[in-house]
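Residue numbers (our numbering): 1 to 86.
Backbone N, C-alpha and C fix where the C-beta goes; we use that ideal spot for every residue, glycine too.
Here the structure is laid out as structure tokens; the discussion comes afterwards.
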Ligand SMILES: [Zn+2]
């Protein structure tokens, strides 16, 4: 397995910080940056044998909503899954 390249991690963090909230789509400068490593990276579009680290942004309202992280992970999984099917 290839170790994660720190430069691409930095890039991913930067992109997530400027991205709108995953749940409501609102742009929020004071959002919460969340990262997670899925149990099954392939479900999130990673190549076989590769781990994928996901970064996303939640606005302060959504980050307090019930099951916010779970819902956000579902949305990201659906989005990356579709990307994979192209
Ligand atoms: Zn939100």
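Excluding the 5 residues preceding and the 5 following residue i in the sequence, name in chain order all residues of the same chain whose CB lies nearer than 7 Å to its CB.
i: residue 21; result: 28, 31, 57, 58, 59 and 62
i: residue 66; result: none
Could you say which of the options lies nearest to residue i if we only look at CA atoms?
i: residue 12; options: 47, 45, 44 and 53; result: 53
i: residue 34; options: 7, 66 and 55; result: 55
i: residue 80; options: 46, 24, 8 and 71; result: 46
i: residue 9; options: 74, 36 and 23; result: 36
Hey, could you find the ends of the alpha helix (DSSP H) residue i is sitting in?
i: residue 63; result: 60 to 63
i: residue 8; result: 6 to 18
Residues in its own chain within less than 8 Å of residue i by CB, not counting five upstream and five downstream?
i: residue 48; result: 42
For residue i, count the other beta carbons within 10 Å of its own beta carbon; 16 or more makes it buried, fewer makes it exposed. Which is it?
i: residue 86; result: Model confidence at residue 86 stands at a pLDDT of 49, short of 50, so the residue's coordinates are unreliable and nothing is read from them.
i: residue 76; result: buried
i: residue 14; result: exposed
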